[in-house]
Structure formats: C-alpha cells, structure tokens
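Its first residue numbered 8, the sequence shown is counted upward by one per residue in our numbering.
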Amino acid sequence: MRKRLVEFLIPAIVLAIFAGLNFVPFFQTAEKRVYDLFLRIRPAVEQRDDILFMDVDDNAIANVGLWPWSRDYMARGLILLREFDSSYVTFDIEYVDPSPQAVNARYLQQDLPRDLDAEFSFVQDSIYGLFDALAQGQISIAEAGDFIDDLSVLTEDVKANLITAVTNVVRDNDQFLGQAAGFHGLSFFTVNQLRELEPLSDAERAKRDQLILYVEDAVNIDEIDVVDASKVQTGADLRPTIQPVLSHAGGAGFPNVVVDDDGVRRRIDLVTETNGTYYAQLVTAPLLDWLGQPTVRVDRNQITLQDARLPGSPITTDIHIPLATDGRMLINWPKATFLESFRHLSYWRLVYHWEVEEEIVDRLRAMDEANFLFFYEGGDQLLPLYDFAESLKDDVLAGGDRAQIDDWREYRQIFFEEAGAFLAGTAEEDLIAELDYAINSGELQPEDAETYQIIKDEARAIFAETRERYDLFMENRQVLQDEVAGSFVIIGWTGTSTTDIGVNPFEHEYMNVGTHAAVVNTILNENFLDDLPWWIPFAGSVVFVFLTTLIIRRLKEKPVRSLLVGFGALLLIAAVGVVLFVTTGIYMNILTPLLSVFLTFIVLTIMNFLTTNKDKQFIRSAFSHYLSPDVINEVLSDPAKLGLGGERKNISAIFTDVQGFSTISEAISPEKLVHLLNRYLTEMCDIILDGRGTIDKFEGDAIIAFFGAPVEMDDHQIQACRAAIQMKKLEERLNQEFLDDELSPTPLLTRIGVNSGDMVVGNMGTDTRMDYTMMGHNVNLAARLEGVNKQYGTWILVSEQTYDKTGRAFSVRKLDRVRVMGITEPVRLYELIDLREEVDGDQNLIDKLRTFNAGLTAFEEKAWGEAEKNFAVVLNEYPEDGPAKYYLDRSRKFKKTPPSPDWDGVFNLTKK
8 MRKRLVEFLI PAIVLAIFAG LNFVPFFQTA EKRVYDLFLR IRPAVEQRDD ILFMDVDDNA
68 IANVGLWPWS RDYMARGLIL LREFDSSYVT FDIEYVDPSP QAVNARYLQQ DLPRDLDAEF
128 SFVQDSIYGL FDALAQGQIS IAEAGDFIDD LSVLTEDVKA NLITAVTNVV RDNDQFLGQA
188 AGFHGLSFFT VNQLRELEPL SDAERAKRDQ LILYVEDAVN IDEIDVVDAS KVQTGADLRP
248 TIQPVLSHAG GAGFPNVVVD DDGVRRRIDL VTETNGTYYA QLVTAPLLDW LGQPTVRVDR
308 NQITLQDARL PGSPITTDIH IPLATDGRML INWPKATFLE SFRHLSYWRL VYHWEVEEEI
368 VDRLRAMDEA NFLFFYEGGD QLLPLYDFAE SLKDDVLAGG DRAQIDDWRE YRQIFFEEAG
428 AFLAGTAEED LIAELDYAIN SGELQPEDAE TYQIIKDEAR AIFAETRERY DLFMENRQVL
488 QDEVAGSFVI IGWTGTSTTD IGVNPFEHEY MNVGTHAAVV NTILNENFLD DLPWWIPFAG
548 SVVFVFLTTL IIRRLKEKPV RSLLVGFGAL LLIAAVGVVL FVTTGIYMNI LTPLLSVFLT
608 FIVLTIMNFL TTNKDKQFIR SAFSHYLSPD VINEVLSDPA KLGLGGERKN ISAIFTDVQG
668 FSTISEAISP EKLVHLLNRY LTEMCDIILD GRGTIDKFEG DAIIAFFGAP VEMDDHQIQA
728 CRAAIQMKKL EERLNQEFLD DELSPTPLLT RIGVNSGDMV VGNMGTDTRM DYTMMGHNVN
788 LAARLEGVNK QYGTWILVSE QTYDKTGRAF SVRKLDRVRV MGITEPVRLY ELIDLREEVD
848 GDQNLIDKLR TFNAGLTAFE EKAWGEAEKN FAVVLNEYPE DGPAKYYLDR SRKFKKTPPS
908 PDWDGVFNLT KK
C-alpha cells in the first residue's frame, strides 16, 4: 500500500514543482522562448498596404545633417504630408522640451533681400520723384517743404517695415511645428507615462501640472467603459509633448512599450491610467479616430472597440481584442526584417521636395526678372499663382479657415502644371528666336551683339538646368503622391546611429518604431493572439501525468512499451499545443505538461530499479514526526531533511498563553482539564494549520508555532497576524461552549505575541528522536511580547518587524518603542486590533484609535498634559481600555516627575 502511495506521490510532487515554476522568472522566460518557436510555425500575418514608415534614415541624415534636426524640418514635412493627403501621422519622436529659436533660413536668403530691396526702392523712387518734380517746375521750392514732411512720414513707415522684416528672420520652431500639426489636422504626438513622480523643481512641477491638466482634458480616451481595471497599468506622472505642439495636434498617446524579462518585445499595453484618466497607446490613439471613435470597453480578459468602422467599410462592428494573462495585447509581428515590414519612404523625399521646389521657384523668379516669362502665355500670372497659394497656407498656419487647404492644394497643382508647360513649351525657342533676330539684324553695336549672345547662352543653360530639376522634382512628387495618399504614416528615427533598436520574436535587431506599425496591423487585421491561464495546461498536466503513471505501473515488466507510452504522451501534448496555436492563435503553456510528464516518466522508471520497499517504509515512518502537511511534502521532496541540522530563515513566530490557566486547572477535575485543554488546543491549532503554519510544541496551555518554514511564504507576517485575530475570535465561541458544557468555571482569555525576523529552524534532537523547531533572539522576543500584554492590558502584541510587512491589511494601535535585553536597536510595539476591512466600518473604534494616537504622539513629544487629556477622553468612552489606562497613569507620573532630558522615549523590557 505504501509503495503505491509513493508511486502516486511522485507525480504529485512533480506537479507541485511545475505549478510553482510557473511563477519563477527563468521558467517563464523559457516558456516565452517556446512561444517564439510556435510563432514561426504559424502562418505569417498579412501586412496592410495602408501603413507607411517615413524613416529618418541614413540617407536623410546624410543629406540634412546630424540628428536631431531643427523642428521646422518636421513642420514642413507635416505640411507636405497634408498636401499628399496622408490619413494620419504619428510621431515616434519625443518633443517634451522647448527648442531654441532658430533662423528662418529661407526668409533670410530669399524673402528678406526682396523685402529690403522693395522698401529701399520705394524710398529711392519717392526721393527721385520729388527732385524730378522740382526740376520740371511741377512744384515750387516753397511747396517742397510739405512734400519733405510727407517723405519723413514715409521713411518712418519704411523703417517700421524693415524692423518687422528683420524680426521675421528669427522663428519659433516649436510654434511652427504646432501650427503645422494644426494644418495637417490628424497628427499625433507622445505623452510619456512615468511609473514614478518625476523629480522637478517647484516651477517646473507647476508648469508640468498645468500641461497635464490640458492633457487630461484633451488627450484622454473620450469614450471608455472600464468594467475591470485590475490589469490596467497605472502611472504616477506624465511627460507630455510641449504645449505649443500638443495644443494643435490631433491627439497623443503613450509610446511606452513592454519588454519581457529576456529583452524581447511580445506584448503592448493598449490602455493605461494615470491619476484617474485613461490614455491610449501611441498609435492606438489615431487608430481609434480612424475607426470612428468607438467606445473602448475594458474587461479583465479583453478590450472591445464597440461600433468600430474599419477603413473602407460602410458598416460598424465590434472588435474584440483578447488580452494575455498579464492584461496586455500580444503583438502579431510580421515575419520580416524591419525594412521588409510594411512600406518605407525616406524622410529625405519630403526634404528633397521642398528644397528642389524652392530652387525651381527661385529660378523662375530669376527668369521673370530677365523677362523670360514674357514668352509664355500667362507667364505674368505664374509666380503670383504660387505666391497666392503660399499666402493661403500661411493664413491657415496662422489659424485661418482650414477649408482653404483644398484651394491651396489645387493652386499648387495648377502652378506646377503651368511651370512644366512653360519649361516644355515654345517659350525657350521664341526667346532664342528674338535674340537671334536682334543679333543678326545688324542694328546692334558689336558690344551689344556680344551681350545678346551671352544672354542667349545663359538662357539655354538656365532652361536646361531648370527643366532637369523640374523633371526630378515631379518624379519625386509622383512617388510621394502614390505612396502617401491615404496612408497611416509613422515617423521615427531609424538611422544606424539610433539606439532605439529592440528584439522581437523573429528578429534580433528591429527598429522599435516598428512596434507601433505591428500594433496597428494586428488590430486592423483582427488577427489576434492569446494565451491560456497557467492553470488550464496545468490541469491537463494533472490528467496526463496520472494517466502516464497508471500506464507505467501496469507496464513495469515491459520497459519497451513503457518507453513508447512515455514518448507518445509527449508527442500528443506537443501536437495539441501546435494545432491549438496554429488554428486559433491561442497559446497554451507547453513546458509544464511536457516536462511534468517527462520528469514523472523518468523518475518512476528510475524508481523501479533503484528504490526498495524498506526505504519507502523508513520515509513514511519518519512523517509521523511532523504535523504540518507542508512539512511532510518538503520531506518527501528531499529525504535528507530527516537528518539533524538547521537553516536560517525569515519567519514569523507566534506564542500564546491562557491568562490564569493554573487557577482554572485547580478548580476542575483532571478529566475535565484534559478534555478542556484538548478541545482548546485542537481548534486553536487548526487555525494555525489552515494558515499553512507549523506547530512547534505545546507547553501546558501555551502554543508555540511559526509561519514561513519549512515551506517559504512571502506573506508569513500576514498569515501569523490573521491567525492571531482568528484565534481571539474563536475564543469567544469556545468560551460560550465551555461555559454551557461546564468545562470551565471562567472564560479562557488568550494572550498572543507575534514577531518576525531571521530565526534558525530545522530538525533538532538525536538520531532517533528529533523535533522540527526554531530558536534565536527573534523567537525570544515573540515569547516576551506574549507576556508584555499584561503590562499594557492588551491581548495581541506584534513587533514592528511583523507589522511593517503587512501593508495596510490590519488595523493596529501603536504603542511603545522598547529595548530588549541583548538587542541594541529599539523595537516598536503594536496592538493588533482586527482586519482593516472590519475596522473601517466601525467609526467609534476609528475615533477611539485616532484619539489614542494623538495622545501617544503628545506623550512621545513629552507634552504630558496634552497626552493626559487624550487618554482621558478614550477612557471616558471606554473605561476598560488597557493601553489608555496604562498611558494615562504614565502621563500623570511624568507630569509630576519628568524623565531626564536625554530620555529618548524608549522603555526597557525588564519583565515578562
């Protein structure tokens, strides 16, 4: 019988190990690597054609200059993207700090000289006109004075215009980028979410908070229904894009990405919360707009976009986005390198467009000044058409009617068509014909004929060069038109100097900006991935492991068949996992069932050869030394623990003792005494064992126990405190039963002390008799605390080492700081009241504790009168309150005879 139990205990232990391993980082990482392998088996996800990267790549940086660029480059790019009708533009580039003001190079090089020339020409013409009128007698000398006054006013106007012109040389590029964002209308920027409050000066914090107020109002998710926020990531602070840009943007989202422990990016938060406001992920923000602003419903296991309208679809539908067990969306990455993922254009194409455009316009202006445009019908309207289009753009940038954008685009298109017609038409030949006629007429002086020949040669050259630049420009323009129109554009830095490179399940080097495209692609394709909670494959493991165990037991004498069964089970598990993932996109943790079956198979097979019935009987007989099932399981997993020896562990010790039990024992018969004590100890110990505690020993009516060994518990402090509270509550019922059954003449009142810290635990004794027990000064402190309850009139005392690790799970009353013999550092004591959730509903108790704490604060500050007053208030409402009585008496004594000035408020524990 025992042999059979061991054979089934082995798979149970294996299952327990793998259940625990599901929470161990290295095992989780191994599971994720298997998930990556399964992704390679699954068919590749379709890549949408409407996603476009505008890459700030090596080509762009080589032509423009070192990154980061002046922000006017992004502003002008946004304007062009609007011209080419991009749908949305998302910046995976942060603009969280103001940039210095910059020189408007185009204005300085082109517009300023023209403005200066116009103003000076105006003044010059006015002066010449005055003198010419005087010379021809049109005005008299006497009348000239009046004109001079007018000329003075004119020069002041010119002066003002010149000052304005010089001022325009400097441009606020942050404002320009914001204006361009408003011009585009659908550009999105970053709002970084920070896990901790960013350290800022008071002035910086005030400015940041003001910006956050705007963000909370303008950038949050408009329509959201949070049903279950338990898995929504929260932040403490935001670092938004600067106000001049963000205030004109179409929206913003957080660019934060999730990197697993092994450095691979597999998942993403779609929604996060900061200070009660919900925000969308960087590309999810424009995507929601693209989908018609559906209501975002957040549940525990999925996010639903209700009534979403997919691009190009006339109907609405609900998009159900499954969330992995950690509350994040698994990204369905394309099986490709970054450059092979979706469509790419170098940002240089935008820069090249406006640079060559400016060059062509400058050439046309030069040709206009030379009267070359005279030879083209409508040539006198060509440049005014361009300038008018520019004025429309400038008006929209300044906040004018955005309806003018369509006119701006139309006039620009007409201009470029007319410019092309001019360059490709007969204007050049007509001009050359006129020049040849003049040269060959014989009416020119030799030097004039030579000048005309030079003009002819220059005309040929400028026409040829302008035509060549125009052809290249229009070729680039056509590429932009074809690629940008209707595209969801993502702009990011992808040059070789970037450090913004990550790892995804397919590529060891993948530009992180690609994460955002993969998110959009996953959602729009509705090709989602999901994973099962760990316990589902674990439940399957239980079935497979025990089935394998049964079959192996039946095939002990047939090792070949046993091997076939073992490997067959492994293949079946792997096949189930692969088929499930390939057909549904749902990943089942595969390592737990695979390895648990494999390990069970190996262990049982080895046991058939190496274990004996005598060994099993010895181990089973040794179990009788332990009361806790956890201890038994620990011994079975490691029989060496039956030997003598100990180890240092951080645990919680609990000591109990019944007040005046010796008096009770003398008042009843020995039979009743034994019955009373057995009932009391049994029910009290059940509470400890239910909390996974271990009973150390009994000393009469006293119970000595601990939590956190031999099986480690992260929350042993909480379990010990909860057990203490439950014991006191159980005591009330037991006392009623003892009185009803006449087992005890008086109630049993239990004092309890709890302390946590490093203690030595292990088997101690002899080779033939041993106990699993604990020792150390932290054990002694727990014992002392049980006795110190008498001093304060309390029932449960815990040390600060215990209370500090319980969070806000319990309501306590702070008492003295005490110094224990042999320990230099003082220890704060707390009276354990109850679970906080129980106390929160009792306002009278809350008021009592608040008043008492105020008294204790005054007491520790040596304000004896104030302390006495507060403790008296408590006793007035609760006359039997032990701590209040104790501190009232102390306050009055110290009021009469204060302690020494150097008293540090610490009391020495001198009695138990």
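For glycine and all other residues, C-beta sits at the position ideal for the given N, C-alpha and C.
| Asked | Found |
| --- | --- |
| Residues in the same chain with beta-carbon distance under 8 Å from Trp297, minus the five sequence neighbours each way, listed in chain order, please. | Ser94, Tyr95, Pro318 and Phe495 |
| Assess, as a yes-or-no matter, whether the region 189–197 is touched by the region 288–296 under the definition of 3 or more beta carbon pairs within less than 8 Å. | yes |
| Do Arg476 and Ile367 count as a contact pair if the criterion is CB distance below 9 Å? | yes |
| Extract the residue ranges of the alpha helix (DSSP H) inside the region 26–108, only unbroken runs of 4 or more that lie entirely within it. | 32–48, 65–71 and 79–90 |
| Please classify Asp722: does DSSP put it in a helix, a strand, or coil? | coil |
| Return the CA-CA distance between Asp401 and Asp408, expressed in angstroms with no decimal places. | 11 Å |
| Closer than 7 Å by C-beta to Gly715: which residues in its own chain qualify, once you throw out the five before and the five after it? Chain order, please. | Lys656, Asn657, Ile658, Ser659 and His723 |
| In whole angstroms, what separates the C-alpha of Thr97 from that of Glu53? | 21 Å |
| Please report the straight-line C-alpha distance between Phe553 and Phe15, rounded to a whole angstrom. | 8 Å |
| With DSSP collapsed to three states, give me the class of Met595. | coil |
| Does the separation of the CB atoms of Asp43 and Arg273 fall below 9 Å? | yes |
| Name the one or two DSSP bridge partners that Leu842 has. | Phe817 |
| Quick check: the region 452–470 against the region 423–440, are at least 3 beta-carbon pairs closer than 8 Å? | yes |
| Tell me, please, which residues DSSP counts as bridged to Pro247. | Val198 |
| Using the beta-carbon count (16 or more within 10 Å), is His515 buried or exposed? | exposed |
| Would you mind stating whether Gln200 and Phe261 have Cβ atoms separated by less than 9 Å? | yes |
| Helix, strand or coil, according to DSSP, for Pro544 in the structure here? | helix |
| Shortest alpha-carbon distance to Pro107 belongs to which of Leu46, Ile58, Asp179 and Val589? | Asp179 |
| For Asn534, name the three-state secondary structure that DSSP assigns. | coil |
| Going by C-alpha distance, which of Arg89, Arg758 and Pro677 is nearest Leu487? | Arg89 |
| Is the beta carbon of Pro68 sitting closer than 9 Å to the one on Ser504? | Per the sequence presented here, residue 68 reads as Ile, with Pro not at that position. Cβ distance < 9 Å, so Ile68 and Ser504 count as in contact. |
| How long is the line joining the alpha carbons of Ser676 and Gln733, rounded to whole angstroms? | 29 Å |
| On a Cα-Cα basis, can you pick out the residue from Val265, Thr291, Gln240 and Leu204 that is closest to Val226? | Thr291 |
| Give the straight-line distance between the Cα atoms of Lys621 and Val761, rounded to the nearest whole angstrom. | Any reading at Lys621 needs caution, since the residue's pLDDT is 43, under 50, leaving its predicted position unreliable; the model's value is listed next. If I take the Cα positions, the gap works out to 42 Å. |
| Please determine if the region 796–811 and the region 876–891 are in contact, where contact requires at least 3 C-beta pairs separated by less than 8 Å. | yes |
| Using the three-state DSSP reduction, which class does Asn770 fall into: helix, strand or coil? | strand |
| Given Ile661, which residues of its chain have a CB within under 6 Å of its CB, disregarding the five upstream and five downstream residues? | Ala712, Ala727 and Val761 |
| Counting C-beta neighbours from all protein chains within 10 Å, is the total for Phe30 16 or more, i.e. buried, or is it exposed? | exposed |
| What distance in whole Å lies between the Cβ atoms of Ala187 and Ala82, which are believed to be in contact at a cut-off of 8 Å? | 4 Å |
| Helix, strand or coil for Arg826 per DSSP? | strand |
| Taking C-beta to C-beta, are Phe382 and Ala315 nearer than 9 Å? | no |
| Going straight from the alpha carbon of Met782 to that of Arg820, what length do you get? | 28 Å |
| Going by C-alpha to C-alpha distance, which of Ser348, Leu602, Gly592 and Arg568 sits closest to Ala581? | Leu602 |
| Alpha carbon to alpha carbon, how far is Glu490 from Val520? Give it in angstroms, no decimals. | 19 Å |
| So, using beta-carbon positions, are Pro754 and Glu738 closer together than 9 Å? | yes |
| What span of residues does the alpha helix (DSSP H) with Pro890 cover, start to end? | Gly889 to Lys903 |
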